[in-house]
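Written as structure tokens, this is what we have:
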């Protein structure tokens, strides 16, 4: 049996790789959103305890996730449509196989994007969350160049988020999330 | 250097595997939903052409997906809350990395779950779609045992779907999808 030379195999692999790369390059071009991996779907709900119980029962997880309180952070204070906001929320996360679910119950003094959503739409899916890098330095600008402004900004000790005003165009708010140092 | 015996390595692997399996078995218990892999997130929109353009621009895909018309199928005629329905819809699918997006513009004569959603909530996320087997024979019963009824049923040549009335509990409708022969 004739054996292929190392050189032939190398050249074939190189050709296959370059074809693959050019196919990928052709498929995606100049996106606004720098990451297409959906980290989580965020719901705004009225009673996080009740909704969490129903999700736990639906997907049959034995260990009920903890509910945490997301207060603002001094380093990244919450802003809603350009104004400082005291809005806080109760949060809980559940995991499906390929994506997470975030439940959010707005508490404390509004206004906030969560209160606004509940008043206008009632309970339901509020945002799609994507992890990105260089949020403030670069990514907000990409959205603003397409007339998508940040409706709410905030953060925690080691990260920050921005809710982009995409609902009227896409049917859902895009949340950009940056975890510092990752 | 002392080498471990094959028998020792085999036993250690066996122990690790059984611990892993018992952890998985403990985590999930008697779910209503038989599959935790989210196939797609379904949006109801007013103008599928406009929304599709905005999504294509957001994620930067070069080839705009086709829009198809989903008419009812004689084998699985559309039913809305128990009554036959002539509701049809325009559909399009986009792919994120780990989950798909379905855009739905209801057309034709209502009533339908899509028309109902648009009237009550406006544009936004309508359902989470999960692929399952034995839809009519078994899975609907699991939901009905927990007081979740089918709000809309329908199908196509090689499959069928059911929108389960879970929005008030979970914040989103669960769609059960069966592709025959898969």
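Protein chains in written order, with the numbering used here: chain Z, 75 to 256; chain R, 75 to 256. The C-beta atom is built at its ideal place from N, Cα and C for all residues, glycine as well.
query                                                                                                                                                                              : result
Does the CB of residue 105(Z) have a neighbour CB from chain R at under 8 Å?                                                                                                       : yes
Please report the distance separating the alpha-carbon of residue 243(R) from that of residue 193(Z).                                                                              : 18 Å
In chain Z, what lies closer than 7 Å to residue 110(R) by C-beta?                                                                                                                 : 133, 170 and 171
Considering only the beta carbon of each residue, do residue 200(R) and residue 106(R) sit closer than 8 Å?                                                                        : no
Under the assumption that residue 30(R) contacts residue 213(R) (Cβ atoms under 8 Å), give the Cβ distance between them as a whole number of angstroms.                            : For residue 30(R) there is no data in the structure shown, the boundaries of chain R being 75 and 256.
Within 10 angstroms of the Cβ of residue 162(R), are there 16 or more other Cβ atoms? Answer buried if so, exposed if not.                                                         : buried
For the alpha helix (DSSP H) that residue 190(Z) lies in, which residues bound it at each end?                                                                                     : 187-195
Helix or strand or just coil, what does DSSP make of residue 218(R)?                                                                                                               : helix
Within the same chain, show all residues whose beta-carbon is closer than 7 Å to that of residue 100(Z), passing over the 5 residues directly before and after it, in chain order. : Because the pLDDT at residue 100(Z) is just 45, under 50, the model does not fix this residue reliably, and the point stays unresolved.
What are the residues of the segment 166-199 of chain Z that lie near chain R, defined by any Cβ-Cβ distance shorter than 7 Å?                                                     : 170, 171, 172, 173, 195, 196, 197, 198 and 199
Just tell me which of 115(R), 132(R) and 125(R) has its CA closest to the CA of residue 218(Z).                                                                                    : 132(R)
Counting along the chain, where does the alpha helix (DSSP H) carrying residue 252(R) start and finish?                                                                            : Run containing residue 252(R): none in the alpha helix (DSSP H); it sits in the beta strand (DSSP E), 247-253.
Would a C-beta distance cut-off of 8 Å place residue 113(Z) and residue 251(Z) closer than the cut-off?                                                                            : yes
In the DSSP assignment, find the unbroken beta strand (DSSP E) run with residue 115(R) in it and report its ends.                                                                  : 114-118
What whole-angstrom Cβ distance do residue 179(R) and residue 120(R) have, given they're in contact under 8 Å?                                                                     : 7 Å
Is the CB-CB distance between residue 176(Z) and residue 203(Z) below 8 Å?                                                                                                         : yes
Within this structure, are the beta carbons of residue 123(R) and residue 228(R) separated by less than 8 Å?                                                                       : no
Checking contacts by CB at 8 Å: is residue 102(R) closer than that to chain Z?                                                                                                     : yes
Answer yes or no: do residue 186(R) and residue 136(Z) have a C-beta to C-beta separation smaller than 8 Å?                                                                        : no
Listed in chain order, which residues of the segment 238-249 of chain R have Cβ atoms closer than 7 Å to some Cβ of chain Z?                                                       : 243, 244, 245 and 246
Comparing the C-beta of residue 136(Z) with each C-beta of chain R, is any distance below 8 Å?                                                                                     : yes
So is residue 128(Z) in contact with chain R if we call contact Cβ pairs under 8 Å?                                                                                                : yes
Going by CA-CA distance only, name the one from 235(R), 164(R) and 158(R) that's closest to residue 209(R).                                                                        : 235(R)
I think residue 141(R) touches residue 166(R), with their Cβ atoms under 8 Å apart; what is that distance to the nearest whole Å?                                                  : 5 Å
Look up residue 237(R) in the DSSP assignment and say whether it is helix, strand or coil.                                                                                         : strand
Would you say residue 162(R) lies against chain Z (beta-carbon separation less than 8 Å)?                                                                                          : no
If we count the other Cβ atoms within 10 Å of its Cβ and call it buried at 16 or more, is residue 143(Z) buried or exposed?                                                        : exposed
Among 164(R), 130(R), 173(R) and 196(R), which residue has its Cα nearest to the Cα of residue 182(R)?                                                                             : 164(R)
For the beta strand (DSSP E) that residue 164(Z) lies in, which residues bound it at each end?                                                                                     : 162-169
Measure how close the beta-carbons of residue 253(Z) and residue 247(Z) come, nearest whole angstrom, since I'm counting them as under 8 Å.                                        : About 19 Å; that fails the 8 Å criterion.
Among residues of its own chain, excluding the 5 on either side of residue 239(R), which ones have a beta-carbon nearer than 6 Å to its beta-carbon?                               : 222, 223 and 225
Write down the C-beta distance between residue 197(R) and residue 245(Z) rounded to the nearest angstrom, noting that I regard them as a contact closer than 8 Å.                  : 5 Å
Measuring only between beta-carbons, confirm whether residue 125(Z) sits less than 8 Å from chain R.                                                                               : yes
Got a sec, what are the start and stop residues for the alpha helix (DSSP H) residue 205(R) sits in?                                                                               : Taken as a continuous stretch (DSSP letters only), residue 205(R) belongs to no alpha helix (DSSP H), being part of the beta strand (DSSP E) at 198-205.
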